[in-house]
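This report refers to the structure that appears directly beneath it.
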Amino acid sequence: MTLLDIRVLGDPILRAETTPVERVTDELRQLSRDMFETMHAAKGIGLAAPQVGRTERIAVVDVDNNPLVIINPEIVFAEGKSKAEEGCLSIPDIYGDVERPARVQVRALDIEGKQFEVEADELFGRCLQHEIDHLHGKLFIDYLSVLKRRGALAKWAKEKDKYPGAVRRLTPAEVAGHHHRDEEL
Ligand code: K1U
Ligand code: ZN
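Following this line, the structure appears as structure tokens:
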């Protein structure tokens, strides 16, 4: 089991554009497995490559126990509007309401390099959009109003000292206690 370090707000990699994947290699398949393990240990529902210090256009999501790898994802259709709370594994303990399209159709490559499309709404649709944003250097706090964003950043200014070098290394306690959100209910 390989848990990857999670980069937190302040690491410039979170603001960088990613590079499209040209060939799905065994190394990328291993990366996606490590990303799932890291995401589950951190109790997240998604994780994008820049969050673990990588520049390839790849992300993983797992909403309601439906694990999905998305490589070179694109939103091909979006409709409606929906507002709900988001968090980010790279900005721990900060939350905010984000308005996004309510439904999206995403085209991506799977782990075999085969193209597929998926339609998503609710938390799954939101998570896909959040992860695709990460692949373009965008974070959920960018959508907050000036006032809410200022509040979030003020809170983060106090939190960030917990993460020297802008790295979040999951603690043994976090790892030992890892379980799906559903099991908490
Ligand atoms: O990419 C990430 O940082 C993971 C992030 C994904 C996400 C959460 C919420 C809405 C959209 C995308 C998380 O998993 S944060 C932790 C989490 O599980 C969660 C937080 C708030 C609402 C729902 C889930
Ligand atoms: Zn995030």
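Taking our numbering, the leading residue of the sequence shown gets 16, the next gets one more, and so forth.
Virtual Cβ for every residue (Gly too), placed ideally from N, Cα, C.
Helix, strand or coil: how does DSSP classify residue i here?
i: residue 97; result: strand
i: residue 53; result: helix
i: residue 22; result: strand
i: residue 48; result: helix
i: residue 183; result: strand
i: residue 201; result: Since the first and last residues shown for the chain are 16 and 200, residue 201 lies out of range.
i: residue 178; result: coil
i: residue 60; result: coil
i: residue 143; result: helix
i: residue 39; result: coil
Short of 6 Å in beta carbon distance, which residues of its chain neighbour residue i, apart from the five on each side in sequence? Order them along the chain.
i: residue 158; result: 113
i: residue 183; result: 21 and 23
i: residue 49; result: 17 and 19
i: residue 100; result: 110 and 112
i: residue 138; result: 78
Report the option in the options whose CA atom is closest to the CA atom of residue i.
i: residue 150; options: 36, 187, 118 and 120; result: 36
i: residue 118; options: 101, 141 and 160; result: 141
i: residue 169; options: 131, 122 and 108; result: 108
i: residue 94; options: 134, 82 and 63; result: 134
i: residue 185; options: 111, 26, 59 and 162; result: 59
i: residue 164; options: 176, 111 and 90; result: 111
i: residue 102; options: 39, 92 and 154; result: 154
i: residue 147; options: 173, 176, 57 and 115; result: 115
i: residue 188; options: 90, 56 and 160; result: 56
i: residue 72; options: 156, 152 and 166; result: 152
i: residue 96; options: 127, 144, 126 and 128; result: 144
i: residue 190; options: 34, 53 and 27; result: 53
I'd like to confirm the pairing. Which residues does DSSP put opposite residue i in its beta bridges?
i: residue 34; result: 71
Using a Cβ-Cβ cutoff of less than 8 Å, which residues in the same chain neighbour residue i once the five nearest sequence positions on both sides are dropped?
i: residue 66; result: 21, 22, 29, 104, 105 and 149
i: residue 31; result: 65, 70 and 152
Chain C beta carbons: is any one of them nearer than 7 Å to that of residue i?
i: residue 187; result: The chain inventory of the structure shown lacks chain C, comprising one protein chain alone.
Write down every uninterrupted run of the beta strand (DSSP E) in the stretch 62-138 whose length is 3 residues or greater and which is fully enclosed by it, in chain order.
Given a length threshold of 3 residues, each whole run of the beta strand (DSSP E) inside the stretch 62-138 is given here in chain order: 73-77, 82-94, 97-101, 111-115, 118-124 and 130-136.
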